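Before any comments, here is the structure.
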DNA sequence: TAACACTGTGTAATAATATAACATTAATAT
DNA sequence: ATATTAATGTTATATTATTACACAGTGTTA
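Chains as they are written, first to last, in the numbering used here: chain A, 1 to 132; chain B, 1001 to 1132.
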């Protein structure tokens, strides 16, 4: 029962770019890449990014100020995200672990508060960089 | 067996300020507040912040670009942090839950990778804001 | 003690990230 | 049709963070 958003032109251009990128993209790098398509100003990029984040098509990697497409098909809204980040090569991978998301979704703090959203970033070395 | 760092003058001034603050502080707000003590430039602030984060005296709230003092006495190094953030009043609280930290410290991804550090930010409404 | 490495400082300039304000246009709903 | 909402285009500006360079203090060590 979930409304599929039709992306607007700017949103589609920017989503396509991020979706094709093998790594998280930063706002001004996005801007540079879409200028030939008529998107000229930072604000145009940020507005599209805000919307894409809101509807869960992309996620923001807060510690890197960068954006990646969501590859977790169950993600219709940006509310529960987890990533691993390699501290050497900066490779970022979205973690989709049922047990992790279940654990965090049900987590209550000392006061019994439950939280509607979370963002988790793990840092370490990816396989490639471990071998170096 | 843990080396207690003697903070340098700039580090101490900035740590004291953050430690007294009831809420996370942003770098340029810190700068403004310490200018009367002779710290004049952004870089002086950022250098102190970097070091304080590194030795675990403060943490960065990534989604807010702000810094709070660590009140979790077992935190000697910034490697495992968890916060709750109220989306209305922006109150931030460090979560110290043994079961949460144990769960995350032992979390392995699909490839069996373990991670040396993590940062977790929960979002929701604090008690006060829930009642409004 | 001189040479060195290491860490921190001071300063100026600039880069990188993000938003405010305002006018306009497109899409949707009643 | 018209009211409403969402998205766009543009300029300017605010906010966050780093580069580059000169220098000072401390501890080592040769």
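Each residue gets a CB set at the ideal place from its N, CA and C atoms; glycine is no exception.
Since the structure is predicted, the reported quantities are computational estimates derived from the model, not experimental observations.
{"Asked": "Cross-chain neighbours of residue 107 of chain A in chain B, by beta carbon under 7 Å", "Found": "1100"}
{"Asked": "Buried/exposed call for residue 28 of chain A, threshold 16 Cβ in 10 Å", "Found": "exposed"}
{"Asked": "Buried or exposed by the 16-neighbour rule on C-beta atoms within 10 Å, applied to residue 1012 of chain B", "Found": "exposed"}
{"Asked": "Residue 124 of chain A at chain B interface by Cβ criterion, 8 Å", "Found": "yes"}
{"Asked": "Assigned exposure category for residue 24 of chain A - 16 Cβ within 10 Å defines buried", "Found": "buried"}
{"Asked": "Counted within 10 angstroms of its Cβ, other Cβ atoms place residue 1119 of chain B as buried (16 or more) or exposed", "Found": "buried"}
{"Asked": "Chain A within 8 Å of residue 1119 of chain B, Cβ atoms only", "Found": "yes"}
{"Asked": "Proximal residues to residue 1132 of chain B (C-beta, below 8 Å), its chain only, five neighbours per side dropped", "Found": "1088"}
{"Asked": "Alpha-carbon to alpha-carbon, residue 1038 of chain B and residue 1045 of chain B", "Found": "11 Å"}
{"Asked": "Amino acids of chain A, ordered along the chain, whose beta-carbon sits closer than 8 Å to that of residue 1020 of chain B", "Found": "Here the premise fails: no neighbours, minimum Cβ distance about 23 Å."}
{"Asked": "Per-residue burial, residue 1054 of chain B [other beta carbons within 10 Å of its own, 16 or more giving buried]", "Found": "exposed"}
{"Asked": "Cross-strand partners of residue 1039 of chain B (DSSP beta bridge)", "Found": "Note: residue 1039 of chain B sits in no beta bridge, so no partner."}
{"Asked": "Length-filtered (3 minimum) beta strand (DSSP E) runs lying within the segment 61-117 of chain A", "Found": "66-69, 80-86 and 92-94"}
{"Asked": "Residue range of the unbroken alpha helix (DSSP H) whose run includes residue 28 of chain A", "Found": "27-34"}
{"Asked": "Contact set between the segment 1058-1088 of chain B and chain A, restricted to residues whose Cβ is under 7 Å from the partner", "Found": "1062, 1063 and 1084"}
{"Asked": "C-alpha distance - residue 1007 of chain B paired with residue 21 of chain A, whole-angstrom precision", "Found": "43 Å"}
{"Asked": "Paired residues, beta bridge with residue 10 of chain A - DSSP", "Found": "Bridge partners of residue 10 of chain A: none, in fact."}
{"Asked": "Identified DSSP bridge partners for residue 120 of chain A", "Found": "A:82 and B:1120"}
{"Asked": "Three-way DSSP call (helix, strand, coil) for residue 1018 of chain B in this model", "Found": "helix"}
{"Asked": "Cβ of residue 1029 of chain B within 8 Å of any chain A Cβ", "Found": "no"}
{"Asked": "Candidates A:52, A:96, A:106 and A:84: closest to residue 1122 of chain B by CA position", "Found": "A:106"}
{"Asked": "Below-8 Å beta-carbon distance, residue 113 of chain A vs any chain B residue", "Found": "yes"}
{"Asked": "CA-to-CA distance, residue 1079 of chain B to residue 1015 of chain B, given in whole angstroms", "Found": "19 Å"}
{"Asked": "Residue 26 of chain A vs residue 66 of chain A beta-carbon contact at 8 Å", "Found": "yes"}
{"Asked": "Under 7 Å by beta carbon: chain B residues contacting residue 128 of chain A", "Found": "By Cβ distance, chain B contributes nothing, its closest Cβ being about 11 Å from residue 128 of chain A, past 7 Å."}
{"Asked": "Cβ-based contacts, 8 Å cut-off: residues of the segment 1032-1053 of chain B near chain A", "Found": "none"}
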